[in-house]
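Colleague:
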Amino acid sequence: AAQVAGRRGLGKVLAECRKLAEGTDEASAQEAKWLMERLEPYGKGLLEKAKEAETEDAERAMSLYDQASKLFAGDPIGDEGAAAVKRLKEDPAFKKELDAAKAFKAVQAGMEKLKPCRSTEELDLATCADCKKKNAAALGGLVGQLNAIVKKYEGTNAAKQAADLLEAWGKS
119 AAQVAGRRGL GKVLAECRKL AEGTDEASAQ EAKWLMERLE PYGKGLLEKA
169 KEAETEDAER AMSLYDQASK LFAGDPIGDE GAAAVKRLKE DPAFKKELDA
219 AKAFKAVQAG MEKLKPCRST EELDLATCAD CKKKNAAALG GLVGQLNAIV
269 KKYEGTNAAK QAADLLEAWG KS
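Residues in the sequence shown are numbered consecutively from 119, following the working numbering.
1. State the start and end residues of the unbroken alpha helix (DSSP H) segment that holds N275.
2. Indicate whether A133 and G192 have their beta-carbon atoms separated by less than 8 Å.
3. When DSSP labels each residue in this structure, what does V131 get in the three-state scheme?
4. If you count every other CB in all the chains shown that lies within 10 Å of the CB of E208, and 16 or more means buried, which is it?
5. Out of V225, A244 and A227, which one is the CA nearest neighbour of P234?
6. If you follow the alpha helix (DSSP H) that R192 is part of, which residue opens it and which one closes it?
7. Using the three-state DSSP reduction, which class does C249 fall into: helix, strand or coil?
8. In whole angstroms, what is the alpha-carbon distance linking F212 and I195?
9. First and last residue of the alpha helix (DSSP H) that includes K213?
10. Tell me the rounded alpha-carbon separation between A255 and L216.
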């Protein structure tokens, strides 16, 4: 129960549940089946979400596969997660997508430092000259980073996001 509550070693928990489900003690078998009916869909759900994220959010996909591999180590769910992590680490296109996502995340962190021109107004870098002037130094660095992402990671989701942001800021 502690392993399940702490979400650790769920692969071992499932292995034990499978043994109990096949056993002669009916109460233990029922309890084991009940637990398996909850854990297996959770693990398979992690894998499904990771698969869906592969094309749109490389970081999330890698994180979910890694989570499944660690939580369900010793179980086919964990094996599938570990195999996916290995496959993606060896895929040059995915690695490029992952690196691009990390670079764009750094830009997003820098964007959090931008300030609106007045304390009561929203930050408007597209049309507000005062906002552009107040954030000129930081904006220049961010524009440089965004241009680098567009160039270096052409064809990735992050490059598209960077290009869209540059366009919205009137810097494309």
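For glycine and all other residues, C-beta sits at the position ideal for the given N, C-alpha and C.
None of the values given here were measured: they were computed from a predicted structure.
Modeller: In short, the structure shows the following:
1. Taking the first residue of the sequence shown as 1, we reach residue 275 at position 157. Looking at the DSSP string, the run of the alpha helix (DSSP H) that includes N275 is N275 to A286.
2. For the purposes of this step, residue 133 is identified with residue 15 of the sequence shown, where counting begins at 1. For the purposes of this step, residue 192 is identified with residue 74 of the sequence shown, where counting begins at 1. It is a contact, given that the beta carbons lie within the stated cut-off.
3. Sequence index remark: in the sequence shown, residue 131 carries index 13 (1-based). In this structure, V131 counts as helix in the three-state DSSP scheme.
4. Walking along the sequence shown from the start, residue 208 turns up at place 90. E208 is exposed by the Cβ-count criterion.
5. To locate residue 234, count along the sequence shown from 1; it is residue 116. When each option's Cα is compared against that of P234, the closest is A244.
6. As a working note, residue 192 is residue 74 in the sequence shown. Looking at the sequence provided, one finds Gly at residue 192 rather than Arg. Unbroken run through G192: none, as it is neither H nor E.
7. Along the sequence shown, one-based indexing puts residue 249 at 131. Of the three classes helix, strand and coil, the one that applies to C249 here is helix, per DSSP.
8. Counting from 1 along the sequence shown, the entry for residue 212 is found at position 94. Counting from 1 along the sequence shown, the entry for residue 195 is found at position 77. Computed Cα separation, rounded: 22 Å.
9. Numbered from 1 along the sequence shown, position 95 holds the residue referred to as residue 213. First-last of the alpha helix (DSSP H) with K213: P210 to M229.
10. Against the sequence shown, residue 255 aligns to sequence position 137. Against the sequence shown, residue 216 aligns to sequence position 98. Answer to the nearest angstrom: the Cα atoms are 28 Å apart.
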